[in-house]
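Here's the structure, in structure tokens; my notes come after.
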Amino acid sequence: MEENPNQHYRCMLCEYTYRPEKGDPLNGIPPGTPFDDLPDDWTCPKCGASKTQFYPAD
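Be aware that the sequence shown starts at 3, since it is given in the working numbering, and climbs by one per residue.
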């Protein structure tokens, strides 16, 4: 089953939501970047949590 590239992901620690359509421009992530394509060392821009601390948001 293929991941939805527009799936939002939420941080377990601070509730920040990564939205692919917005990206994370302050950290060099352009709009349109799916969560799975974020660099392995990307961290939550709000609290610094790693990608493993995110879960798919409804």
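All C-beta atoms, glycine included, are put in the ideal place defined by N, C-alpha and C.
Problem - ASN8 beta carbon less than 8 Å from that of GLU23 - result: yes
Exercise for the section: Express the C-alpha separation of PRO27 and ASP60 in angstroms, rounding to a whole number. Expected result: 23 Å
Problem - Residues of its chain near CYS49, where Cβ-Cβ distance is below 6 Å and the 5 sequence neighbours each way are ignored - result: LEU15 and CYS16
Handout entry: Beta-bridge partners of ARG21, as assigned by DSSP
Key = Per DSSP, none; premise fails for ARG21.
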